[in-house]
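Have a look at the structure below before the remarks.
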Amino acid sequence: MDWTTNLALLMGTIVLLMLIGLPVAMAFLASNVIGAFLFMGGIAGIDQLARNSIASVITFSLTPIPLFVLMGEVLFQTGLALKVIDGFDRLIYRVPARLPIISVVAGTAFSAVSGSTIATTAMLGRSMTPVMLKKKYHPSLAMGPIIAIGGVDMLIPPSALIVLFGSLANISITKLLFAGILPGVALACLFVLYILLRAKISPSMVPTDDVGTRYSGWEKYKPLVTYVLPLMSIFAVVIGTMTGGIATPTEAAALGAAATIVLALAYRALTLSSLLASLKGTVHVSGIILFIIVGATSFSQLLGMSGATNGFLGMISEMSLGTTTLLIMMILVLIVLGCFVDQISMMLLTLPFFMPLVLTAGIDQIWFGVLFLIAMQMGLMTPPFGLLLFTMKSVVPPSISINQVFASAMPFVIISVLMLVVIFLVPSVATWLPGLIG
849 MDWTTNLALL MGTIVLLMLI GLPVAMAFLA SNVIGAFLFM GGIAGIDQLA RNSIASVITF
909 SLTPIPLFVL MGEVLFQTGL ALKVIDGFDR LIYRVPARLP IISVVAGTAF SAVSGSTIAT
969 TAMLGRSMTP VMLKKKYHPS LAMGPIIAIG GVDMLIPPSA LIVLFGSLAN ISITKLLFAG
1029 ILPGVALACL FVLYILLRAK ISPSMVPTDD VGTRYSGWEK YKPLVTYVLP LMSIFAVVIG
1089 TMTGGIATPT EAAALGAAAT IVLALAYRAL TLSSLLASLK GTVHVSGIIL FIIVGATSFS
1149 QLLGMSGATN GFLGMISEMS LGTTTLLIMM ILVLIVLGCF VDQISMMLLT LPFFMPLVLT
1209 AGIDQIWFGV LFLIAMQMGL MTPPFGLLLF TMKSVVPPSI SINQVFASAM PFVIISVLML
1269 VVIFLVPSVA TWLPGLIG
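Each residue of the sequence shown is one higher than the last, beginning at 849 in this note's numbering.
Shown next, in the form of structure tokens:
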């Protein structure tokens, strides 16, 4: 069969199965079994596919995923994450629009010690949004910053999605983890700047009487010193050991997970029930991710066996596109795709085609990786299917409509587009830190 027919068969099967409600991983696996039977020699091909699938997940490079997820689960299940909010609240108790700003700052801090994007959005949405709505903040400021910072969570290490992306794209995971830091922090700063400007331009969107409790002396800085700084030390351990060449990403993740558990024990916040809940959440999330890797790896192999990869590359080569044009086209595909499918599906559907193009065109893989990650971050909060939009809708009062949730995220989507343009024009924003570690 022609490569276009083979590609249509594989992709069509996946899309059809997802449309009828089959989970992403199962849709890919079902398509892979059909493809293996057709393109790899019948039953023997399916047997070989199973062997290849097992080999794809018994690799040391994937072990940071459950460890990063465990760090976030322990913080959220023990309630230590909420202590960070109090620590920042005492410092900026008189700043206009302080609660949305606290949501962004605290969310950025969580990103540095948590690998769970959805957990960050759910926790902040559940704890902060009802308070802001009660204080008469405009719904867009009560929800938008939390949705936006949930997306930033995937850019700042430790990030399970970065590890997954690096594994699927065969890019250095250590360098990718470092590459996301500056764009992630810059996005958070832009979000804070937008909130301040919005409060200044439209004073009616923020309450005039929202002033926190005033503390002085040690009481003002106590939560910061007692909780925030020790939690930030976990980030220093993870990043510092990798920077100094002391530990691999896996070893750094293990140190971070151990430090998180030790801190939770020191604060007497870790109970048997919270530990079991953390482990259960870790197994659930990690199992899903590893299952997806099995499907993605096999799918990439089938694309090669069916001739689809070489056929697609040949078609693009015949178009004689310049590197810049090619990169812009890939980014536009990601942005449009992010409006309709989840981030893991984006990786599974595009990386088998995009990475050969990136390598052939000589595009810096780390730079492309960050552009890809920001496009995914935008997809998390872009209507109509942004995952964080529905996460927020699930934790806000029923009186808030899904359209209000959509509208609250749009200013932050625009800011993310601007950051994407900046990194496209100035690649060093993404590549400078990874360059320091060689």
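A virtual CB, placed ideally from N, CA and C, is assigned to each residue, including glycine.
Problem set entry | Close beta carbons around Phe1160, own chain, < 6 Å, minus the five adjacent residues each side | In the sequence shown, residue 1160 corresponds to position 312, counting from 1. Here the set comprises Phe1201.
Exercise. Between Gly1088, Gly860, Val1054, which lies nearest to Pro948 when the distance is taken from Cα to Cα?
Worked result: What you label residue 948 is simply residue 100 of the sequence shown in a count that begins at 1. Closest by alpha carbon: Val1054.
Exercise. Can the beta-carbon of Leu897 be found less than 8 Å from the beta-carbon of Ser1146?
Worked result: Looking up residue 897 in the sequence shown gives position 49. Looking up residue 1146 in the sequence shown gives position 298. In this structure, Ser1146 lies closer than 8 Å to Leu897 by Cβ.
Exercise. Can you tell me where the alpha helix (DSSP H) with Asp1001 in it begins and where it stops?
Worked result: For the purposes of this step, residue 1001 is taken as residue 153 along the sequence shown, with counting starting at 1. Asp1001 -> no alpha helix (DSSP H), and no H or E assigned at all.
Problem set entry | Residue interval of the alpha helix (DSSP H) (run including Ile906) | One-based indexing of the sequence shown puts residue 906 at position 58. Where Ile906 is concerned, there is no enclosing alpha helix (DSSP H), given that its DSSP letter is neither H nor E.
For this session: Could you spell out where the alpha helix (DSSP H) holding Gly1217 opens and where it closes?
Result: The residue labelled residue 1217 in the question sits at position 369 within the sequence shown. Where Gly1217 is concerned, the enclosing alpha helix (DSSP H) stretches over 1213-1228.
Problem set entry | Where the alpha helix (DSSP H) containing Met1240 begins and where it ends | To locate residue 1240, count along the sequence shown from 1; it is residue 392. Run containing Met1240: 1235-1243, per the alpha helix (DSSP H) assignment.
Problem set entry | Which listed residue (Thr1239, Thr956, Met1258, Ser901) has its alpha carbon closest to that of Pro1005 | The count along the sequence shown starts at 1 and reaches residue 1005 at position 157. Here the closest residue by C-alpha is Thr956.
Problem set entry | Host alpha helix (DSSP H) of Lys931 (start-end) | Walking along the sequence shown from the start, residue 931 turns up at place 83. Lys931 -> alpha helix (DSSP H) spans 928-937.
Problem set entry | Collapsed DSSP secondary structure at Cys1037 in the structure displayed | On the sequence shown, position 189 is the one that residue 1037 refers to. Residue state, collapsed to three classes: helix.
Exercise. Does the Cβ-Cβ distance between Ala996 and Phe1260 come in under 8 Å?
Worked result: Residue mapping note: residue 996 aligns to position 148 of the sequence shown, counting from 1. Residue mapping note: residue 1260 aligns to position 412 of the sequence shown, counting from 1. Their beta carbons are under 8 Å apart, which means Ala996 touches Phe1260 by this criterion.
Problem set entry | Beta-carbon separation (whole angstroms), Met919 vs Ala1105, contact threshold 8 Å | For the purposes of this step, residue 919 is taken as the residue at position 71 of the sequence shown. For the purposes of this step, residue 1105 is taken as the residue at position 257 of the sequence shown. Yes, they are in contact, since the Cβ atoms of Met919 and Ala1105 sit about 5 Å apart, within 8 Å.
Exercise. Do the segment 1071-1080 and the segment 918-937 touch if we need at least three Cβ pairs shorter than 8 Å?
Worked result: Taking a cut-off of 8 Å on C-beta distances, the segment 1071-1080 touches the segment 918-937, as three or more cross pairs fall below it.
For this session: Output yes or no for whether 8 Å exceeds the beta carbon distance between Trp1215 and Thr1119.
Result: As a working note, residue 1215 is residue 367 in the sequence shown. As a working note, residue 1119 is residue 271 in the sequence shown. Cβ distance not < 8 Å, so Trp1215 and Thr1119 don't count as in contact.
For this session: Starting from Gln1068, follow the alpha helix (DSSP H) in both directions and report where the run begins and ends.
Result: Here residue 1068 corresponds to residue number 220 of the sequence shown, with the count starting at 1. Correcting the residue identity first, residue 1068 is Lys in this sequence and not Gln. Lys1068 -> alpha helix (DSSP H) spans 1066-1071.
Exercise. Quick one, are the C-beta atoms of Thr1089 and Leu1103 less than 8 Å apart?
Worked result: Here residue 1089 corresponds to residue number 241 of the sequence shown, with the count starting at 1. Here residue 1103 corresponds to residue number 255 of the sequence shown, with the count starting at 1. Cβ atoms of Thr1089 and Leu1103: closer than 8 Å.
Exercise. From this set, Pro914, Thr1096, Ala1112, which residue's C-alpha is nearest Leu923's C-alpha?
Worked result: Here residue 923 corresponds to residue number 75 of the sequence shown, with the count starting at 1. Ranking the options by Cα distance to Leu923, first place goes to Ala1112.
Problem set entry | Neighbourhood of Ile913 by C-beta, 6 Å cutoff - its chain only, sequence neighbours within 5 removed | Along the sequence shown, read from residue 1 onward, the residue named residue 913 stands at position 65. Close CB contacts of Ile913 within its chain, under the 6 Å cut and outside five residues either way in sequence, are with Ala1008, Val1011, Ser1134, Ile1137 (chain order).
For this session: Enumerate in chain order the residues of its own chain whose CB-to-CB distance from Thr1230 is below 7 Å, with the five nearest sequence positions on each side excluded.
Result: As a first step, residue 1230 is located in the sequence shown; it is residue number 382 there, counting from the start. The residues are Gly1186, Cys1187, Val1261.
Exercise. So is Glu1166 buried or exposed if we call it buried at 16+ other beta carbons inside 10 Å?
Worked result: In the sequence shown, counting from the first residue as 1, residue 1166 sits at position 318. Glu1166 should be labelled exposed.
For this session: Specify, as a first and last residue, the run of the alpha helix (DSSP H) that Asn1251 falls within.
Result: Counting from 1 along the sequence shown, the entry for residue 1251 is found at position 403. Secondary structure note for Asn1251: its alpha helix (DSSP H) is the uninterrupted segment 1250-1273.
Problem set entry | Straight-line gap, Gly860 to Ile1094 (C-alpha atoms, nearest Å) | The residue you call residue 860 lines up with position 12 of the sequence shown. The residue you call residue 1094 lines up with position 246 of the sequence shown. Using only the alpha carbons, I get a separation of about 47 Å.
Problem set entry | Element boundaries [alpha helix (DSSP H), containing Pro944] | In the sequence shown, counting from the first residue as 1, residue 944 sits at position 96. Pro944 -> no alpha helix (DSSP H), and no H or E assigned at all.
For this session: Could you check the C-alpha separation between Thr1171 and Thr1098 for me, to the nearest Å?
Result: Here the question's residue 1171 lines up with position 323 in the sequence shown. Here the question's residue 1098 lines up with position 250 in the sequence shown. Whole-angstrom Cα-Cα distance: 34 Å.
Exercise. Would you call Phe908 buried or exposed, if buried means 16 or more other Cβ atoms sit within 10 Å of its Cβ?
Worked result: Start at 1 with the first residue of the sequence shown, and residue 908 comes out as number 60. Its Cβ having fewer than 16 others within 10 Å, Phe908 is exposed.
For this session: Output yes or no for whether 8 Å exceeds the beta carbon distance between Leu1235 and Leu1228.
Result: Start at 1 with the first residue of the sequence shown, and residue 1235 comes out as number 387. Start at 1 with the first residue of the sequence shown, and residue 1228 comes out as number 380. Yes, the Cβ-Cβ distance between Leu1235 and Leu1228 is below 8 Å.
Exercise. Would the beta-carbon of Leu1072 fall within 8 Å of that of Leu1281?
Worked result: Here the question's residue 1072 lines up with position 224 in the sequence shown. Here the question's residue 1281 lines up with position 433 in the sequence shown. No.
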